[in-house]
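In my numbering, the protein residues as written are 4 to 181. We treat Cβ as the ideally placed atom computed from N, Cα and C, and that holds for glycine. Below: one structure, written as structure tokens.
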């Protein structure tokens, strides 16, 4: 059974920032520390490329390089690409001098999709990013046959479901001619 990590503030570092200690089981701690060290080492080795001016477009390629690297594949194979990108965005923002809370908020913005955004108006890169984020959300929410909550042949009566909000694309009249 997995034990959740317990975080406690243990003091301040040399620059006055809060230092947190993560306490978890030995197995989980070793695995987490190994993954963290891989990302830290890879980022340090590629610091020049990672901290260049074209950072935001480079993070997905940088994350893909980390995940496919033969040396790091065993540690990062279970970690999703979006999670690696989020960690890299946090590191990147922190390297720019942002506080940790600001860096985390920045990373959340980078890996979140605005539900009201029209994806038809975005470029190819942004659409691919949105698809990857949606795919990960789908996989994390999907109930698989191996899960204990799985039910086969669930039937839903849609007359009893709450009404769906109208969106901008379907609000015009149905009488439009093509």
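- Residue 114 is not a Cβ neighbour of residue 91, given a cutoff of 8 angstroms.
- Residue state for residue 145 is assigned as coil, using DSSP reduced to three classes.
- Between residue 106 and residue 87 the beta-carbon gap is near 15 angstroms, outside 8 angstroms, which marks them as no contact.
- Here residue 132 is not near residue 110, since their CB atoms are 8 angstroms or more apart.
- Contact between residue 138 and residue 146 is ruled out by a C-beta separation of about 16 angstroms, above the 8 angstroms threshold.
- Distance from the CA of residue 70 to the CA of residue 168, rounded to the nearest whole angstrom, comes to 40 angstroms.
- Straight across, the Cα-Cα distance linking residue 123 with residue 101 is about 33 angstroms.
- Collapsing the DSSP output to three states places residue 61 in a helix.
- Shown here, residue 132 sits in a helix according to DSSP, grouped into three states.
- Around the beta-carbon of residue 128, fewer than 16 other beta-carbon atoms lie within 10 Å, marking it exposed.
- Unbroken alpha helix (DSSP H) stretches of 4 residues or longer found wholly inside the segment 66-102: 76-79, 84-98, given in chain order.
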